[in-house]
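With the sequence shown counted from 1, adding 15 to any position gets you the working numbering.
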Amino acid sequence: MLVGIDVGGTFTDGVVLADGEVVRWCKRRTDTGRLQETIEAVIDELLPQGSGREVERIVLSTTLITNLLATGQLEKAALVVIPGSGLNPYELRLADNYYVLQGGIDFRGREITPINRSEVRETARKIKQAGIRKVAVVGKFSQRNPSQEEQVASIIHNEYPDLDILMGHRVSGELNFPRRAVTTYYTLITREHWSRFADEIEKVIRARQITAPIEIMKADGGTMSLDASRQMPCQTAFSGPAASTMGAFALTMDDKTSVVVDIGGTTTDLSFILQGEPLHASKGAKLGGRYTHVKALAVRSVALGGDSVIRIQDGRITIGPDRKGDAACFGGPAPTPTDAFNLLEGRKLGDPELSYRAMAGLVKDETKVADLARAVVEEFIDMLCRNIQEMMRSWEQEPAYRVWEIVNRRRVKLDRVVGIGAPAAIVIPRLASRMGCQGFVTRLSAVGNALGAVVARPTLQLTLHADTQTGTYSTDGQVKKLPNLGRIQMKDIKELSEKELKFLAEEKGMADYFSEREFFLEEQFNVIRGWTTSGRIFDVGITISPGVIKGFKGVKI
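Structural data, given as structure tokens:
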């Protein structure tokens, strides 16, 4: 048995998958103040007592990190940067406690400016006086040579031993100093909260005799182990939209082009499947309005959901962006799009009489309630259409999208709209009709996120930088000696990167997926000295990209 759980802002969904069939599923209200109890209740509903040992895999997706960053209720931290030359470091100011230090590493990992130890000690004293307990230390090109980050961290630790210190090269081995700084800072301020959550979840799961590996959904549509997530919590941001995308992928499993529309109570998440492949955001995920090194699918969240409040302002119908609670038909305090659909289509959700009363409260003449419901539904569909069209225009700038059009010598044509979420059954048929394409909704659409989580396979990425003149190579901040390969060629570096990835995959329990690896970066530059080539620089990226678990061929719908 495989178990998938999606912790959404309004509902928490769960599924049990066995032999390619969803044998049990459930949907419960999310108590955001007691996530542990919500997950506990879902597991107990999914699994008969004493059946925990039969579970082979359990995967969770959650909006916890996204919510933590959105509320801004996190402990303050200091950001210490070693920017070197060529960049205005003050553009990176993420926190009030922001410090710029002397020092510098060049693009080949060579020290060009030493750190000022007195300056570092003075910075440590300022951090201590401010009462800060956490500090991120990030240097430009630290993934090529982490020595200055390590020196600064060591000096600060000696001055302030109780400080929680995180270095940038431990978080990301990719180029782009600003993004590494942002990613390191947000990782630092969220990992304590995330670790507590992870501990609670592990306790709940193990108490039910589930010994299977626990995995967490990532923003890129893949999964990672619960232990790995403790070190890299930001990788779990936007895992809800990623889960819905993978759920749509699992339900369709073909080469059609689809927009995935995941309609929740408060928001609707949009994503794109281009000829059977989920589209990725080439610039990565944005956290706090800044780009990061968190790999993510191309998604957009719209403040429009089934429980969004309906108002009439200056004779115009407005929907959202807020939610006051459940739809009126379920005892909520205000009319919502769910109530409008309830009346217009005779859906009999909850108590239709409550839907009628709530809608009637917006008009003076009760004979106009049906007209109002019709107008609300039209506005809801219009808003979705506008957002999908805007999103598709932005998707056109993604490299994968543009390459597809060049290779196929034609524009991308939308084949269908795939619905995920409880309201999908009532919204998607009208939306697809308006957009002139096929609508796709099944009985499992309501729990599509949980299905996406349970079938998503682990992902892993590695970037290797090699410099034959210095005789070194680096992967994610670790600098090593190049093997003695004579005249090194690109094929040698690719083989070396495969060896490094295989080691990582085995270490993380992902050996079964090593065969799914693919290269996403291959660059080579000659180093010229005195009119002759004195060395070469190589950059190679290799990944185990998102997909479905071994043996999954589709789900019975």
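Using N, Cα and C, we set each Cβ at its ideal position, and we do this for glycine too.
Within 8 Å, strictly: CB atoms of residue i and residue j
| i | j | result |
| --- | --- | --- |
| residue 334 | residue 358 | no |
| residue 316 | residue 248 | no |
| residue 75 | residue 20 | yes |
| residue 252 | residue 263 | no |
| residue 160 | residue 120 | yes |
| residue 302 | residue 236 | no |
| residue 197 | residue 305 | yes |
| residue 270 | residue 290 | yes |
| residue 276 | residue 432 | yes |
| residue 140 | residue 174 | yes |
| residue 25 | residue 272 | no |
| residue 78 | residue 23 | yes |
| residue 30 | residue 462 | yes |
| residue 439 | residue 409 | no |
| residue 396 | residue 449 | yes |
Cβ-based burial, residue i [other Cβ within 10 Å; buried from 16]
| i | result |
| --- | --- |
| residue 145 | exposed |
| residue 547 | exposed |
| residue 528 | buried |
| residue 443 | buried |
| residue 33 | exposed |
| residue 98 | buried |
| residue 102 | exposed |
| residue 127 | exposed |
| residue 222 | exposed |
Span separating the alpha-carbon of residue i from that of residue j
| i | j | result |
| --- | --- | --- |
| residue 476 | residue 517 | 11 Å |
| residue 436 | residue 265 | 15 Å |
| residue 201 | residue 352 | 36 Å |
| residue 70 | residue 61 | 11 Å |
| residue 441 | residue 434 | 10 Å |
| residue 559 | residue 535 | 10 Å |
| residue 239 | residue 216 | 15 Å |
| residue 254 | residue 384 | 39 Å |
| residue 487 | residue 143 | 37 Å |
| residue 561 | residue 474 | 6 Å |
| residue 47 | residue 543 | 59 Å |
| residue 296 | residue 190 | 17 Å |
| residue 514 | residue 294 | 28 Å |
| residue 81 | residue 232 | 13 Å |
| residue 401 | residue 83 | 29 Å |
| residue 246 | residue 149 | 15 Å |
| residue 135 | residue 64 | 57 Å |
| residue 210 | residue 177 | 18 Å |
| residue 504 | residue 115 | 39 Å |
| residue 491 | residue 356 | 51 Å |
| residue 398 | residue 405 | 11 Å |
| residue 39 | residue 540 | 55 Å |
| residue 123 | residue 244 | 31 Å |
| residue 324 | residue 364 | 17 Å |
| residue 489 | residue 563 | 30 Å |
| residue 330 | residue 367 | 25 Å |
| residue 89 | residue 66 | 38 Å |
| residue 147 | residue 454 | 53 Å |
Beta-bridge pairing of residue i - partner residues as DSSP gives them
| i | result |
| --- | --- |
| residue 533 | 558 |
| residue 316 | 284 |
| residue 404 | Its beta-bridge partners do not exist; DSSP assigns none. |
| residue 473 | 238 |
| residue 26 | 44 |
| residue 179 | 149 |
| residue 17 | 32 and 72 |
| residue 201 | Its beta-bridge partners do not exist; DSSP assigns none. |
Beta-carbon proximity list for residue i, same chain, < 6 Å, skipping 5 on both sides
| i | result |
| --- | --- |
| residue 151 | 94, 181, 199, 200 and 203 |
| residue 538 | 554 |
| residue 157 | 164, 183 and 184 |
| residue 567 | 470 |
| residue 192 | 155 |
Residues near residue i by beta carbon distance below 7 Å, same chain, minus five either side
| i | result |
| --- | --- |
| residue 354 | 342, 343, 344, 370, 373 and 374 |
| residue 394 | 332 and 334 |
| residue 100 | 119 |
| residue 378 | 384 and 387 |
| residue 569 | 35 and 268 |
| residue 300 | 234, 252, 253, 307, 309 and 311 |
8 Å CB neighbourhood of residue i in its chain, flanking five on each side removed
| i | result |
| --- | --- |
| residue 565 | 472, 527 and 528 |
| residue 110 | 91, 92, 93, 94 and 200 |
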